[in-house]
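Under the numbering used here, think of the first position of the sequence shown as 2, with each following residue one higher. Ideal Cβ positions, reconstructed from N, Cα and C, are used throughout, including at glycine. In this text, all values refer to a predicted model and were calculated from it rather than measured experimentally.
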Amino acid sequence: MDLQLASLPDIAAHYESDSQNWVRANMIISQDGHFVGPSDSSRDLTGESDLKLLLLLRALSDVVLVGANTARNENYRQPKARDEFAFLSRKPPRLAVVSSSLDFNLTTPLFNAGQEPTIVFNVGTTAPSAELLRIAHVIQLTADDASSFATNLIANLFELGLSRVTCEGGPSLLAQLLKADVIDEYDLTISPLTVGGTPQWADALPKTTDWVEAAGATSGDFEFKRLLRS
């Protein structure tokens, strides 16, 4: 499938899952294995078609899950309804952020741009402020054991009725989800750009022996891999 030529309904049909509960990872890496570019942002690596797919995968989700550092570095905001996805007849996904410090600027669109409050998973010992409790849905989780933490994280989302989860990183969070074996689908965009230096977070990438490669997509020099848990 060529994402530049395919219609949004065709792309949606290609990536939609029939399973009731589905956890998807969506990441981009450079040709030499980096998750971010020179400015410490994945925006250095992305292109028009990658952004198109990212927004569509969000629209197919009940919740977008992200680590707090990634949310800050990438200037995340609460998802909103977009006219181009009206054909899906779905409301915008919730936003869920995992944080150990609760070090947030509460005046940003991370908290005040959507229809429903941002979910904050507090995995540290810092007590949430009264203002954070007022504007967000705060859930306390223990992160002592990586495997049970990731399992409990996803279980909490499912209990909220958010059964279609898209995790957009960062690599630390993604590595924990992979280790706990809770990811069903890993969508990996390979950018034509190179960054240089030694790539980190190899454990945030799927081991090929555990996955089956489904039909992916292309767009110019970008490659879009779609890996399903075997």
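Would F88 count as contacting chain B if we go by Cβ distances under 9 Å?
In summary, chain B is missing from the structure at hand, where a single protein chain is found.
Buried or exposed: where does G198 fall if 16 or more other Cβ atoms within 10 Å of its Cβ makes it buried?
When all chains shown are included, G198 counts as exposed.
With a floor of 4 residues, list each alpha helix (DSSP H) that falls wholly inside the segment 2-90, ordered by position along the chain.
Listed in chain order, the complete alpha helix (DSSP H) runs (minimum 4 residues) inside the segment 2-90 are 9-16, 49-60, 69-74.
Could you tell me if S20 is buried or exposed, where buried requires 16 or more neighbouring beta carbons within 10 angstroms of its beta carbon?
Exposed: under 16 other Cβ atoms inside 10 Å.
Use the C-beta contact count for D11: other C-beta atoms within 10 angstroms, 16 or more gives buried, fewer gives exposed.
Looking at its Cβ environment, which holds fewer than 16 other Cβ atoms inside 10 Å, D11 is exposed.
Check whether the segment 40-57 touches the segment 133-145, taking contact to mean three or more Cβ pairs, one atom from each stretch, closer than 8 Å.
The answer is no - the segment 133-145 does not touch the segment 40-57, with fewer than three Cβ pairs under 8 Å.
May I ask you to list the residues that DSSP assigns as paired with W212?
As a beta-bridge residue in DSSP terms, W212 pairs with R230.
DSSP state of T126 mapped onto helix, strand, coil
T126: coil per DSSP, three-state reduction.
Return the bridge partner residues of T190 from the DSSP annotation.
DSSP, once it has assigned bridges, lists I29, F225 as partnering T190.
Considering only their Cβ atoms, is the gap separating D204 from A26 smaller than 9 Å?
No, the pair does not count as a contact, with Cβ atoms beyond the cut-off.
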